[in-house]
Amino acid sequence: MTKLRAAITGVAGYVPEHVLTNEDLAKMVDTSDEWITSRTGIKERHILKTPGKATSDMGVEIVQRLLEKTNTQAEEIELLICATVTADMKFPDTANTILDKVGAKNGFGFDINAACSGFLYALTTGAKFVETGTYKKVIVVGVDMMSSIVDYTDRTTCVIFGDGGGAVMLEPNTENLGVIDSILKADGAGRHFLHLKAGGSLMPTSEETVKNRLHFAYQEGKPVFKAAVTGMTSTLRELMERNQLTNDTVEWIVPHQANMRIINSVSEMLDFPMEKIMVNIYKYGNTTAGTLPLCLSDYENQLKKGDDILLTAFGGGFTWGSIYIKWAYDGSQGSILNRN
Ligand code: UT7
1 MTKLRAAITG VAGYVPEHVL TNEDLAKMVD TSDEWITSRT GIKERHILKT PGKATSDMGV
61 EIVQRLLEKT NTQAEEIELL ICATVTADMK FPDTANTILD KVGAKNGFGF DINAACSGFL
121 YALTTGAKFV ETGTYKKVIV VGVDMMSSIV DYTDRTTCVI FGDGGGAVML EPNTENLGVI
181 DSILKADGAG RHFLHLKAGG SLMPTSEETV KNRLHFAYQE GKPVFKAAVT GMTSTLRELM
241 ERNQLTNDTV EWIVPHQANM RIINSVSEML DFPMEKIMVN IYKYGNTTAG TLPLCLSDYE
301 NQLKKGDDIL LTAFGGGFTW GSIYIKWAYD GSQGSILNRN
């Protein structure tokens, strides 16, 4: 029997207009363009500054672009999964708000919070709904408004993050194109190194938590860095081995954009050429759940039908993993527009 796969039939990305450069940050905290560039590879990031706008508004921009590119009506969306750590509100899920704002009256949705690995978790989940024949039009969004949880007086975190994201459309395919395999991992012991302390059930919001600046992302960079290199490299290796992929046959690795030095280390450890690794960290910084679809969107016109592509990420939780995709269309044509 031919296996039903979840093919990516279109991709869209979005970052807000306002650009925050390293020079801008050097006026806000004790840092420099030289430090940020050499330690992270980031030159600038985009920030959502419009009052009253939130993560769902970026999600709406992304989904509207995706619908247009894939020639899809909002009413056709059956499921929308939104990977984010910066939901508009604690509840309801941002996926519901996006569905409402784009007029997707027939769909349902939910959020996935797996930090920087959110898009991997969401894509794997969305693919299962397509592979089982349950749904034919599934949108997977990865988007974060990190500026809403970044402490712009803390130089160790504020230089890294940015706002933005992207999305893919998943549709059934019987030509062995789409999500082929995935490895997802988690280690809750890693929560101590990367988290947001207050505002949850463990430490509800109080005057004290606000005064002590506990509503911002907290990170111990060094242990996270180490675990990120190990986690991404080991899952990529395992995925390549069990799918008989080699450095020659893989066309692209799409790594989470957290630090250029992490990306370089993964390349070195796998002996995988940098020319085939997607990089856009210098212009967006780390957009958390947004980095992977933003990369796919930026590189879309270089992707060809049948390309073997590996996504990989590591983030808060700890969470990490890798996904193997066979790309379903020639990206230079925008998306699969001619449908039966
Ligand atoms: O996406 C989720 C997963 N997150 C990641 O993958 C991030 C992983 N970690 C990292 O990318 C890096 O650890 C950071 C970019 C966060 C930090 O880089 P680092 O090379 O590990 O620096 P460090 O924390 O060891 O700090 C080195 C020095 C310290 O000064 P002293 O103690 O040596 O005097 C810091 O205070 O650099 C200082 N420093 C800065 N200096 C200028 C830290 N941040 C800055 C800054 N500007 N922005």
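Residue numbers for the sequence shown follow this note's numbering, beginning at 1 and rising by one. Positions of the beta carbon are idealized from the N, C-alpha and C atoms, including for glycine.
Start and end residues, beta strand (DSSP E) containing residue i
i    : result
K69  : From DSSP, K69 is part of no beta strand (DSSP E) but of the alpha helix (DSSP H) over T55 to K69.
V143 : V138 to M145
L170 : D163 to N173
Residues bridged to residue i (per DSSP)
i    : result
A198 : BP columns for A198 are empty, so no partner.
I36  : I36 is not bridged to any residue.
H46  : V19
T312 : P255 and S322
S182 : I323
Counted within 10 angstroms of its Cβ, other Cβ atoms place residue i as buried (16 or more) or exposed
i    : result
L337 : Because L337 sits at a pLDDT of 49, beneath the cut-off of 50, its placement in the model cannot be relied upon, and the following sentence gives the value as read from the coordinates. With fewer than 16 Cβ atoms within 10 Å of its Cβ, L337 is classed as exposed.
K137 : buried
M232 : buried
F193 : buried
A189 : exposed
R213 : exposed
V63  : buried
G13  : buried
Residues of its chain near residue i, where Cβ-Cβ distance is below 7 Å and the 5 sequence neighbours each way are ignored
i    : result
I277 : I253, P255, I263 and S267
D30  : R155
Beta-carbon proximity check, residue i vs residue j, cutoff 8 Å
i    : j    : result
V143 : L170 : no
C158 : L4   : no
A95  : C116 : no
A114 : V179 : no
A186 : G317 : yes
Span of the alpha helix (DSSP H) around residue i
i    : result
K283 : I281 to Y284
T230 : G221 to R242
T97  : T94 to V102
R5   : Note, R5: premise wrong, no alpha helix (DSSP H); beta strand (DSSP E) at R5 to Y14.
G118 : G118 to E131
D298 : T291 to Y299
Residues of its chain near residue i, where Cβ-Cβ distance is below 6 Å and the 5 sequence neighbours each way are ignored
i    : result
G343 : Within the shown structure, residues of the chain are numbered from 1 to 340, placing residue 343 beyond reach of any answer.
T235 : I183, G321 and S322
F161 : M146, V150, G285 and N286
D330 : K304 and K305
N340 : Any answer about N340 is weak, because its pLDDT of 39 lies below 50 and its placement is not dependable; what the coordinates show is given next. Closer than 6 Å at the Cβ level, and outside the excluded window around N340, lies no residue.
V357 : The displayed coordinates of the chain run from 1 to 340. Any statement about residue 357 would go beyond what the structure contains.
Neighbourhood of residue i by C-beta distance below 8 Å, restricted to the same chain and skipping five residues each side
i    : result
V250 : M240, F272, K276, D308, I309 and L310
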